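Number of protein chains: 2
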Amino acid sequence: MSKRSPETEPVLWRIGEVAKLTGVTTRTLRYWEELGLLRPSNHSQSGERLYVATDLSRVTRIRKLQDLLGLSLAEIQAVLGTEAVDVLDRVHSEIDAVDLSPSRRKELLDEGIVANDQLLARLDETLSRIQAFRDERAAVAGRLRKSRAELDEKPKAGAANGSRAARR
Amino acid sequence: MSKRSPETEPVLWRIGEVAKLTGVTTRTLRYWEELGLLRPSNHSQSGERLYVATDLSRVTRIRKLQDLLGLSLAEIQAVLGTEAVDVLDRVHSEIDAVDLSPSRRKELLDEGIVANDQLLARLDETLSRIQAFRDERAAVAGRLRKSRAELDEKPKAGAANGSRAARR
DNA sequence: GGTCTCATTGACGTTTACGTTATACTTAGT
DNA sequence: ACTAAGTATAACGTAAACGTCAATGAGACC
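Heads up: the sequence lines are chains Y and Z, in that order.
Using the numbering used here, read the first sequence as starting at 1 and increasing by one per residue.
Using the numbering used here, read the second sequence as starting at 169 and increasing by one per residue.
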C-alpha cells in the first residue's frame with residue numbers, strides 16, 4: 001500500500017538533467033514555465049525544479065510543434081490546453097492515474113481525444129500543403145530535365161531560338 | 169526584331185499592387201530587397217520599384233519557404249541562390265530567354281536543376297519528419313479510443329483501478 | 001493648380017524566443 | 001568542512017522580421 005515501488009528509477013530530474021536529456025537549455029525551460037507552458041510537477045524543499053517523465057515528453061512535444069509546424073509558443077499553449085493532452089501520457093502509466101475517479105478519468109480521456117484529433121487534423125493539413133508544394137517542384141524538375149534534354153538533342157537549332165517543342 | 173509584343177499586359181507592377189496581389193506588405197518587400205533577397209527588375213525614372221512576373225512568383229516562393237519549411241530569410245537566400253532558381257520560371261517564358269547563348273542556357277539549366285533538386289530533397293525530409301510525428305499521434309489516438317471504450321465496457325471494475333486489460 | 005493617392009528614404013519601435021551576465025544559495029564530492 | 005558544480009531569481013541584451021511614423025516627392029484627377 002506504500003507509494004514506493006521497488007525498482008523505479010529516479011523518476012525526478014533536475015533542470016540540468018532535463019536539459020541534457022531533451023536538448024533544450026535550462027533558460028528555455030524556465031522561460032516556458034514563465035509562460036505557463038510547462039510547470040515542473042515537483043519542487044524540492046529548497047525550491048529546485050523537479051521534473052517527471054510526462055514533463056519530459058511535454059518538452060519534446062513542444063519542440064516538435066515548434067520545429068515541425070512552426071507554431072508560436074502562444075499557439076502551442078492553446079493546442080496543449082495545459083492538461084488535456086498530458087492525459088495522452090498519463091493515461092497509460094497507471095501509476096499516476098490510479099487516484100482518478102472513473103468519471104473524471106472519462107472526462108480527461110474525452111478531452112484528450114478531442115485535443116489529439118485537432119492536432120492530427122492540423123498535421124494533415126500541413127502535410128498536404130507541403131505535399132502540394134513538393135508536387136509543384138517535382139513538376140518543375142521534370143520540365144527542367146526535358147528542356148535540358150532538348151538542348152542536348154538538337155543543338156543545331158538557331159542560336160536565337162530556345163525550346164519551342166510543343167508550344168501552342 | 170522589336171522588343172515590344174502586341175497584346176501583353178502591364179507586365180510591370182508597382183509595389184502596392186504587388187502587395188495586394190501577393191499578400192505581403194510593402195514594408196516587407198522593401199525589407200527583402202534590403203537583404204538582397206528580392207530586387208525589382210525595373211525602376212521608373214523617378215525611382216519607383218517596378219516588378220515583373222518572375223519577381224512576383226519569387227515573392228510567393230519566398231513566403232512558402234518561410235511558412236512551409238520554416239526557413240529563415242538567410243537560409244532562403246542560400247536556397248534561392250539569387251539567380252539559379254529563377255531560371256525555373258524564366259526558362260519557360262522564352263521571351264526573356266531568347267537572348268541567352270545556348271551554352272549559357274545550358275549552364276543555367278543545370279544550376280537550376282541542382283537547386284531545385286536540393287529543395288525537393290529538403291521538402292521530402294520535412295515531409296517524412298512530420299509524417300512520423302503524425303503517425304505517433306495517430307497511434308496515440310488509437311490507444312486513447314481503446315482506453316475510452318474499455319471504460320465504457322466494464323464500469324463495474326474497482327474504482328481504484330483503471331484500464332489494466334492486457335498489461336504484462 | 002490644389003488635392004489625393006501612392007511611393008521613397010530614413011529612423012525608431014515592437015514582438016518573439018530566448019542568451020547572457022550577476023548575485024546568492026544548495027547540493028555533491030573528497 | 002571546504003570547494004566545485006548546479007540552481008534560483010532578476011535584469012539586461014540580442015537577432016530576426018517586420019510595423020509604424022515622419023518628411024518629402026511624383027502622378028493623376030477635376
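Using N, Cα and C, we set each Cβ at its ideal position, and we do this for glycine too.
Just so we're clear, the structure is a prediction, and the values are computed from it rather than from any experiment.
Check: Consult DSSP for S173/Z and reduce its assignment to one of helix, strand or coil.; Outcome: Annotation note: pLDDT 45 at S173/Z (below 50); position unreliable, coordinate value reported separately. S173/Z falls in the coil class under three-state DSSP.
Check: Restricting to Cα atoms, I'd like to know which of V114/Y, S46/Y, D124/Y and R148/Y is closest to K274/Z.; Outcome: R148/Y
Check: What are the partner residues of L197/Z, as DSSP defines its beta bridges?; Outcome: DSSP, once it has assigned bridges, lists no residue as partnering L197/Z.
Check: Touching or not, the segment 111-123 of chain Y and the segment 275-287 of chain Z, by the rule of three or more beta carbon pairs under 8 Å?; Outcome: no
Check: Between D55/Y and chain Z, is there a C-beta pair that is closer than 8 Å?; Outcome: no
Check: Do you know offhand how far R207/Z's Cα is from R272/Z's?; Outcome: 22 Å
Check: Look at the alpha carbon of R61/Y and the alpha carbon of L144/Y, and state the distance between them as a whole number of angstroms.; Outcome: 40 Å
Check: Between the alpha carbons of V308/Z and R231/Z, how many angstroms are there, rounded?; Outcome: 33 Å
Check: Name the chain Y residues whose beta carbon is nearer than 8 Å to that of I281/Z?; Outcome: A141, L144, R145 and R148
Check: Cβ of R182/Z within 8 Å of Cβ of L218/Z?; Outcome: yes
Check: So Q286/Z contacts chain Y; which residues on that side make the cut at Cβ distance below 8 Å?; Outcome: In chain order: nothing, as chain Y lies at least about 10 Å away.
Check: Kindly indicate which residue of D67/Y, L12/Y and T54/Y has the alpha-carbon position closest to the one of H43/Y.; Outcome: L12/Y
Check: Run the CB neighbour count on T25/Y, radius 10 Å, all protein chains shown included, and call it buried at 16 or more, exposed below.; Outcome: exposed
Check: Which residue from A19/Y, T54/Y, S41/Y and L68/Y puts its Cα closest to that of A300/Z?; Outcome: L68/Y
Check: Would R273/Z count as contacting chain Y if we go by Cβ distances under 8 Å?; Outcome: yes
Check: Bridge partners for L50/Y per DSSP, in chain order?; Outcome: R14/Y and N42/Y
Check: I believe L203/Z touches I130/Y by the beta-carbon criterion, under 8 Å. Please report the beta-carbon distance rounded to the nearest angstrom.; Outcome: No, L203/Z and I130/Y are not in contact; Cβ-Cβ is about 24 Å, not under 8 Å.
Check: Does N329/Z pass the burial test, meaning 16 or more other C-beta atoms within 10 Å, or should it be called exposed?; Outcome: Residue confidence for N329/Z is low, a pLDDT of 42 falling below 50, so the modelled location carries little weight and cannot support an answer.
Check: Check whether the Cβ of P40/Y lies closer than 8 Å to any Cβ atom in chain Z.; Outcome: no
Check: Note down the Cα distance separating R305/Z from L119/Y, rounded to an integer number of angstroms.; Outcome: 8 Å
Check: So if I threshold CB-CB distances at 8 Å, which residues from the segment 49-80 of chain Y count as touching chain Z?; Outcome: K64, D67, L68, L69 and G70
Check: Give the straight-line distance between the Cα atoms of R302/Z and R226/Z, rounded to the nearest whole angstrom.; Outcome: 30 Å
Check: Taking only beta-carbon positions, decide if D86/Y is within less than 8 Å of chain Z.; Outcome: no
Check: Where does V282/Z fall in DSSP's three states?; Outcome: helix
Check: Are the C-beta atoms of T28/Y and some chain Z residue less than 8 Å apart?; Outcome: no
Check: Once DSSP output is grouped into helix, strand and coil, what is the label at G238/Z?; Outcome: coil
Check: Under a Cβ-count criterion, where at least 16 other Cβ atoms within 10 Å of its own Cβ denotes burial, should D152/Y be classed as buried or exposed?; Outcome: exposed
Check: Give me the chain Z residues within the contact set of L108/Y, using Cβ-Cβ distance strictly less than 9 Å, ordered along the chain.; Outcome: Ordered by position in chain Z, no residue passes the 9 Å Cβ test against L108/Y, which lies about 10 Å from the chain.
Check: Does the beta-carbon distance from V79/Y to L73/Y come in below 8 Å?; Outcome: no
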